[in-house]
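Colleague: Chains as they are written, first to last, in my numbering: chain X, 1 to 194; chain L, 1001 to 1194; chain H, 2001 to 2274.
Heads up, the beta-carbon is just placed ideally off N, CA and C, and yes, glycines get one too.
Please find one structure pasted underneath; my questions will follow.
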Amino acid sequence: MADKINDVQLMQLVEAAIFAADKPLSSDDLQSTVLDGFNVSKKRLTDTLTRLMQDYAGRGVTLTETASGYRFITKPELSDYLARLWPERSPRYSRAVLETLALIAYRQPITRGEIEDIRGVSVSSQIMRTLLDRNWVKVVGHKEVPGRPGLYATTKEFLDYFGLKHLNQLPPLPEFQAISLDLADTVVTTGELH
Amino acid sequence: MADKINDVQLMQLVEAAIFAADKPLSSDDLQSTVLDGFNVSKKRLTDTLTRLMQDYAGRGVTLTETASGYRFITKPELSDYLARLWPERSPRYSRAVLETLALIAYRQPITRGEIEDIRGVSVSSQIMRTLLDRNWVKVVGHKEVPGRPGLYATTKEFLDYFGLKHLNQLPPLPEFQAISLDLADTVVTTGELH
Amino acid sequence: MSDIISDSLTIQQPLPLAFVRGEAVLDRPEDLYIPPDALEILLDAFEGPLDFLLYLIRKHKFDIVDLPVNEITLQYMEYIDLMQGLNFELAAEYLVMAAMLAEIKSRLLLPRHTEAEDEEADPRAELIRRLQEYEVFKQAATELDSLPRDERDHFNATAVLADNFAPLLILPDVDLAELTLALKDIVKRAKDFQHHHIKREHLSTRERMSRILDLLSQHNGYLAFSGCFEVTEGREGVVVTFLAILELTKEKLVEIIQVEAYGQIHVKLKAGEA
């Protein structure tokens, strides 16, 4: 069957589906569920989503696309006021959690030992648990070294949570300043200077 | 404090709050949370909500006021399509359902009592409902015996589902024909014809 | 804990560290002065020795790539000693770093042969590399934290489903073989308690009976006899229909009515059935 659906109905259906779904919906998700049987072309669906984004541009909520698909979120400018709806929400994360997450995000796949080497401190199980429980990271394999430690990588949920479509949308890492030790000089002078 | 908020900001904030809240928000809820400190008059808030309702009139979701407050609800006309977002798999049919269906298919038109006589156990209303709901059987008449029980027969949908053009394409069951299941003692000999 | 400390201190044996320690409290630069009772809190604010070293380097406006080991080691040891003196539980990583700094410092003091220099890496190089790498990710973590994120900068906007919403029910699949199997079971059971008639009634008649009843229902239970037949079905079809009507009559499901001789014959569902 290939039922007809007009542009207004199509937009309403896509809009309602994204608002009603409990997770982001990709184009494929939409095609295989609410649009199943309507034979809506890829282009027509993209146009509809673009049109919806435009419709909501000046509103209190916006349609955004992240790694897992489309969803409506509230305008970031309103967050301070909206936070009053949940007096004790908005979890804060410790630097240890954020540094570990940053290392997994930029260096994935990475073992816990490698994270510890770079941070210079041990990474507590509590930290890994926090990241795993939030579904931000997962074990994607095991390194073939003694102990076969798990290799961690970030998930789609991580990207969704931070409003990203791809990992390459992460802020670029600052460049290392080249180590410019002039060995001959420094070795001689260091001793004298200090 | 009584900060200023312009009409656009007010509408965006109210809109975002209702979309983000996990329960309906009343005017009082809005005043005591997101609008706290803005000194927005009752009338101004009502006007904003009315305006929002109008804005969403032609969309896939509509702003609705319920007993406990305002919330966005998907358009009822879209429910059938949205249903495909959460498919529920129903359990397999019981032996009783299959036997009943088989008897209706091979012995139609047949009453529930006759099915019970042949199966030797009672046939629950639930079983008949399952088959009627699936549009595989229907009542084609009533038998003129006390109680005027309905006579069940299979439908075109039944044939379509099983890929049959006619009932006589059902697999022949020699054992079934050899035994009389006809308790009403209505033996007709039409065998020569087919 | 104190054993580890004395171990790490022995490495620095050639340095007049004891003397430095004696002067430490008085000589501490003002911007680095931290009241002892705040030390523990301070240490909690650092993510380990690399973080702490970076803090010291930045405070002194040193350049990492030009790591002034003497200065840094001096500062680092002062804090470590102070904390040891106050009986703070220091994480092992801090002590390992103290040992490493002492080692670097001592290696730098050793006279070297010019020919060997090319092969021998600067003892500071590895620490500098680690400090740089750590600083990169420290900054990356800060940037990650500043990205707009759920539950803090934006919230999911959702709508509830209309009242008439019902989830899509996926109905179970049934195979034709399951039907025949079910029937075979019935037959098997029936054989046990039924007397046998030989009956060779073909399905077509039963099906046609259903169809005629259905047809009658659609015509308010009353139809011309000829209306029950589909001439295009041919002779066989007509015969099946005829037998079906007779069978229906026999089962008292329909009546055949003829008002006058040679008049129109009608088939009627029994008892006002419509």
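(1) For L/Thr1048, would you say it is in contact with chain B, using Cβ-to-Cβ distances shorter than 8 Å as the test?
(2) Provide the residue(s) that pair with H/Leu2150 in DSSP beta bridges, ordered along the chain.
(3) Less than 8 Å between the C-beta atoms of X/Phe158 and X/Val145, yes or no?
(4) Would X/Leu164 pass as a contact of X/Ala21 if the rule is Cβ separation under 8 Å?
(5) With which residues is L/Ala1153 paired in a DSSP beta bridge?
(6) At a CB-CB cut-off below 8 Å, which residues of chain H make contact with L/Arg1084?
(7) Flag L/Ile1118 as yes if its beta-carbon sits less than 8 Å from any beta-carbon of chain H, otherwise no.
(8) Please report whether the beta-carbon of X/Arg112 lies at a distance below 8 Å from any beta-carbon of chain H.
(9) Measuring only the C-alpha atoms, how far is H/Ser2204 from L/Arg1134?
(10) Could you tell me the alpha carbon to alpha carbon distance between X/Met11 and X/Leu82, rounded to whole angstroms?
(11) Nearest-angstrom Cα distance between X/Leu13 and X/Val34?
(12) DSSP on H/Gly2237, reduced to helix/strand/coil?
(13) Starting from the Cα of X/Pro24, find the closest Cα among H/Leu2108, H/Phe2155, H/Ala2166, H/Val2174 and give me that residue.
(14) On the DSSP letters alone, give me the boundaries of the alpha helix (DSSP H) that H/Ala2162 sits inside.
(15) Classify L/Val1145 as helix, strand or coil using the three-state DSSP reduction.
(16) In whole angstroms, what is the alpha-carbon distance linking L/Tyr1056 and H/Leu2147?
(17) What residues from the stretch 2176-2189 of chain H come within 9 Å of chain L, judged by C-beta to C-beta, listed N to C?
(18) At what residue ranges does the stretch 51-101 of chain X contain a whole run of the beta strand (DSSP E), taking only runs of 3 or more?
(19) For the 8 Å Cβ check, are there 3 or more pairs between the stretch 2090-2099 of chain H and the stretch 2046-2062 of chain H?
(20) Mind pulling the chain L residues with CB within less than 9 Å of H/Lys2268?
(21) Run through chain H and tell me which residues come within less than 7 Å of X/Tyr161, C-beta to C-beta.
(22) Expressed to the nearest angstrom, what Euclidean distance is found between the alpha-carbon atoms of L/Leu1098 and H/Ile2212?
(23) Hey, how far is the Cα of L/Asp1185 from the Cα of X/Lys4?
(24) Of the choices H/Leu2101, H/Thr2232, H/Lys2184, H/Val2254, whose alpha-carbon is the least far from that of H/Leu2216?
(25) When DSSP builds the beta bridges, which residues end up paired with H/Tyr2222?
(26) What is the DSSP secondary structure of X/Thr33, counted as helix, strand or coil?
(27) Quick check on L/Phe1072 - is its C-beta less than 8 Å from some C-beta in chain H?
(28) For the pair the stretch 115-123 of chain X and the stretch 1046-1054 of chain L, tell me if three or more CB-CB distances fall below 8 Å.
(29) Using CA coordinates, which residue listed in L/Arg1148, L/Thr1100, L/Arg1107 is at the minimum distance from L/Ser1122?
(30) Per the DSSP calculation, H/Glu2255 is bridged to which residue(s)?
(31) In the DSSP assignment, find the unbroken alpha helix (DSSP H) run with H/Gly2085 in it and report its ends.
(32) Could you tell me which of L/Pro1172, L/Leu1173, L/Leu1167, L/Pro1171 sits nearest to H/Ser2210, measuring between CA atoms?
Modeller: According to the structure data:
(1) Protein chains X, L and H are contained in the structure displayed, whereas chain B is not.
(2) For the purposes of this step, residue 2150 of chain H is taken as the residue at position 150 of the third sequence. Here the sequence assigns Asp to residue 2150 of chain H, which means Leu is not the residue at that position. Answer is H/His2154.
(3) By one-based count along the first sequence, residue 158 of chain X stands at place 158. By one-based count along the first sequence, residue 145 of chain X stands at place 145. Contact: no.
(4) Against the first sequence, residue 164 of chain X aligns to sequence position 164. Against the first sequence, residue 21 of chain X aligns to sequence position 21. Result no, Cβ atoms of X/Leu164 and X/Ala21 do not sit closer than 8 Å.
(5) For the purposes of this step, residue 1153 of chain L is taken as residue 153 along the second sequence, with counting starting at 1. L/Lys1138.
(6) What you label residue 1084 of chain L is simply residue 84 of the second sequence in a count that begins at 1. Ordered by position in chain H, the residues that pass the 8 Å Cβ test against L/Arg1084 are Leu2168.
(7) In the second sequence, counting from the first residue as 1, residue 1118 of chain L sits at position 118. Interface residue, yes.
(8) Taking the first sequence and counting its residues from 1, one reaches residue 112 of chain X at position 112. No, because no Cβ of chain H sits closer than 8 Å to the Cβ of X/Arg112.
(9) On the third sequence, residue 2204 of chain H is found 204 positions in, with the first residue counted as 1. On the second sequence, residue 1134 of chain L is found 134 positions in, with the first residue counted as 1. In a straight line, the C-alpha of H/Ser2204 is about 24 Å away from that of L/Arg1134.
(10) Numbered from 1 along the first sequence, position 11 holds the residue referred to as residue 11 of chain X. Numbered from 1 along the first sequence, position 82 holds the residue referred to as residue 82 of chain X. Rounded to the nearest angstrom, the two C-alpha atoms are 27 Å apart.
(11) Your numbering for residue 13 of chain X matches position 13 in the first sequence. Your numbering for residue 34 of chain X matches position 34 in the first sequence. Their Cα atoms are separated by approximately 7 Å.
(12) As a working note, residue 2237 of chain H is residue 237 in the third sequence. It is helical.
(13) Counting from one through the first sequence, the residue named residue 24 of chain X turns up at place 24. Here the closest residue by C-alpha is H/Phe2155.
(14) Taking the first residue of the third sequence as 1, we reach residue 2162 of chain H at position 162. Note, H/Ala2162: premise wrong, no alpha helix (DSSP H); not H, not E.
(15) The count along the second sequence starts at 1 and reaches residue 1145 of chain L at position 145. Looking at L/Val1145 - three-state DSSP - the assignment turns out to be coil, as it is neither helix nor strand.
(16) Mapped onto the second sequence, residue 1056 of chain L falls at position 56. Mapped onto the third sequence, residue 2147 of chain H falls at position 147. Whole-angstrom Cα-Cα distance: 31 Å.
(17) Listed in chain order, the positions of the stretch 2176-2189 of chain H with a beta carbon within less than 9 Å of a beta carbon of chain L are Leu2176, Ala2177, Glu2178, Leu2179, Thr2180, Leu2181, Ala2182, Leu2183, Lys2184, Asp2185, Ile2186, Val2187, Lys2188, Arg2189.
(18) 61-66, 69-74
(19) yes
(20) Locating residue 2268 of chain H in the third sequence gives position 268, counting from the first residue. Per Cβ cutoff of 9 Å: no residues; H/Lys2268 is ~12 Å from chain L at best.
(21) As a position in the first sequence, residue 161 of chain X is number 161, starting the count at 1. Within 7 Å Cβ-Cβ: Arg2149, Asp2150.
(22) Position 98 of the second sequence, counted from the first residue, corresponds to residue 1098 of chain L. Position 212 of the third sequence, counted from the first residue, corresponds to residue 2212 of chain H. Approximately 25 Å, taken between the alpha carbons.
(23) Within the second sequence, residue 1185 of chain L is the residue found at index 185, counting from 1. Within the first sequence, residue 4 of chain X is the residue found at index 4, counting from 1. For L/Asp1185, the predicted structure reports a pLDDT of 38, less than 50, and the residue's modelled location is therefore unreliable. The matter cannot be settled from this model.
(24) Position 216 of the third sequence, counting from 1, holds the residue named residue 2216 of chain H. Measuring from the Cα of H/Leu2216, the nearest candidate turns out to be H/Val2254.
(25) Position 222 of the third sequence, counted from the start, is the residue given in the question as residue 2222 of chain H. BP columns for H/Tyr2222 point to H/Lys2268.
(26) Start at 1 with the first residue of the first sequence, and residue 33 of chain X comes out as number 33. Note: X/Thr33 maps to coil in three-state DSSP.
(27) What you label residue 1072 of chain L is simply residue 72 of the second sequence in a count that begins at 1. Cβ-Cβ to chain H under 8 Å: yes for L/Phe1072.
(28) no
(29) Residue mapping note: residue 1122 of chain L aligns to position 122 of the second sequence, counting from 1. Cα-wise, what sits closest to L/Ser1122 is L/Thr1100.
(30) Within the third sequence, residue 2255 of chain H is the residue found at index 255, counting from 1. Looking at the DSSP assignment, H/Glu2255 forms a beta bridge with H/Lys2268.
(31) Reading the third sequence from its first residue, position 85 is the one you call residue 2085 of chain H. Taken as a continuous stretch (DSSP letters only), the alpha helix (DSSP H) holding H/Gly2085 covers 2069-2085.
(32) Counted from its first residue, the third sequence places residue 2210 of chain H at position 210. Of L/Pro1172, L/Leu1173, L/Leu1167, L/Pro1171, the residue nearest in Cα terms is L/Leu1167.
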